[in-house]
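For the sequence shown, the working numbering assigns the number 9 to the initial residue and increments by one for each residue that follows. What follows is a short report on a single structure.
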Amino acid sequence: MEERSGKLIKGVGGLYTVRFADGETVSCKAKGAFRHESLKPVIGDDVTVISDGGNVISAIGERKNLLIRPPISNVGVIFITFAAAEPEPVLLNIDKLTCIAVHCGIRPVITVTKADIAPERAAELAAVYEKAGFVTFVSGKDGSARERIREYLRTSCRGMISCFAGASGVGKSTLMTSLFPELDLKTGEISAKIARGKHTTRAVELYSLSDLSGGGDGYIADTPGFSLLDFVRFDFFDKEELPDTFPEFERFIGKCRYTKCTHLCEDGCAVCQAVRDGIIPVSRHDSYISLYGDLKNKHKWDK
Ligand SMILES: Nc1nc2c(ncn2[C@@H]2O[C@H](COP(=O)(O)OP(=O)(O)OP(=O)(O)O)[C@@H](O)[C@H]2O)c(=O)[nH]1
Ligand SMILES: [Zn+2]
């Protein structure tokens, strides 16, 4: 009998594929007791496999986070992707995604696509997110960002699961195909189903970066991306937690005149002063105000 730890990278009809650190993969079943505990292995899980004739997943490690549509756990990096134009970016939605990611312990990385169509706007948007403290890539039709993103995956996403998110039509599949030509992306499938209102879930598969031409030590999810819709069932968090999901606010929090400052528009607010001083981007603070209002009213974060 042998016991090993690995990463759950694929699951079809109760048959799971686990990859070990040395690159070996095995097919496994989940131990029956999980069903009684209503526990189901999810792609991304760190699992223990007992090999004794057959291979059985005997334990599931604690999940750092869990995205729901499609289901995937332990995501480390999310490439939040939007186009400089066609479709016009909705900054509030982008900022909502960065907040949710930060709240879930996922590192947001910004990717601005279609820079060839609107180069100035692309540069302007990239500047906003760089100023806010996010790693930001700008990509055009020529695939110019490809090598830089590959380099980033190799050096800064070691051992992590990365995935792409963004609205339909922004160019996620195009970018991913250029980054990972070996992947057979299920292009358009998810958005088509959502458009028809069916919300069918599709299984994700993880690919080890070391097996792909860009190289690296981590995983990429083969989905053409999570849209904002995939996040709406996330639990809301309290409005008091919102400032902590804006990394660029951090150095100003605690410096406001009032200890209970909401950073909306109070006198002596250090965050608002930083906005006036051009240190915090105005659009980010506008999103903050809007999201704060949503959380205050506990409105659903629909679409
Ligand atoms: N000009 C230009 N067009 C692009 C670029 N990236 C993608 N496109 C085009 O934009 C359209 C949408 O691209 P997709 O890659 O399918 O977008 P997506 O985000 O995967 O869309 P969904 O599958 O609906 O989520 C396609 O016609 C692409 O050819 C780019 O950098 N520049
Ligand atoms: Zn304040």
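Note that the Cβ used here is the ideal one computed from N, Cα and C, for glycine as well.
- Between the stretch 26 to 44 and the stretch 76 to 88, the count of Cβ pairs shorter than 8 Å is below three; the stretches do not touch.
- Checking the 7 Å criterion, the Cβ of threonine 144 is out of range of every heavy atom belonging to ligand 1.
- In this structure, the C-beta of histidine 271 approaches ligand 2 to less than 7 Å from one of its heavy atoms.
- Within its own chain, the residues whose Cβ lies closer than 6 Å to the Cβ of arginine 265, once the five positions on either side in sequence are excluded, are Gly276, listed in chain order.
- Excluding five sequence positions before and after glycine 177, the CB atoms of its chain that fall closer than 7 Å to its own CB belong to Pro95, given in chain order.
- Using a Cβ distance threshold of 8 Å, leucine 100 and isoleucine 169 do not count as a contacting pair.
- For valine 178, the CB falls within less than 7 Å of some heavy atom of ligand 1.
- Taking all protein chains shown into account, phenylalanine 142 has 16 or more neighbouring C-beta atoms within 10 Å of its C-beta and is therefore buried.
- Beta-bridge partners of phenylalanine 245 (DSSP): none assigned.
- The straight-line gap separating the alpha-carbon atoms of proline 255 and proline 97 is approximately 21 Å.
- Counting only the Cα atoms, asparagine 73 lies some 10 Å from alanine 109.
- Pairing arginine 27 with valine 136 gives a Cβ-Cβ distance that is not under 8 Å.
- Distance check between threonine 25 and each of Thr163, Ile51 and Met9 places Ile51 closest, using alpha-carbon atoms only.
- Counted as a single uninterrupted DSSP element, the alpha helix (DSSP H) harbouring aspartate 103 occupies residues 99 to 111.
- Going by C-alpha positions, alanine 282 is about 11 Å away from lysine 263.
- In this chain, the beta strand (DSSP E) harbouring leucine 74 covers 74 to 76.
- As a beta-bridge residue in DSSP terms, alanine 229 pairs with Leu214.
- Within the stretch 147 to 194, the complete beta strand (DSSP E) runs of at least 3 residues fall at 169 to 173.
- By the beta-carbon neighbour count (other beta carbons within 10 angstroms, threshold 16), leucine 23 is exposed.
- Between leucine 191 and aspartate 230, the beta carbon gap of about 5 Å places them in contact (Cβ cut-off 8 Å).
- Here leucine 303 is not near glycine 226, since their CB atoms are 8 Å or more apart.
- Bounds of the alpha helix (DSSP H) holding lysine 304 are 290 to 305.
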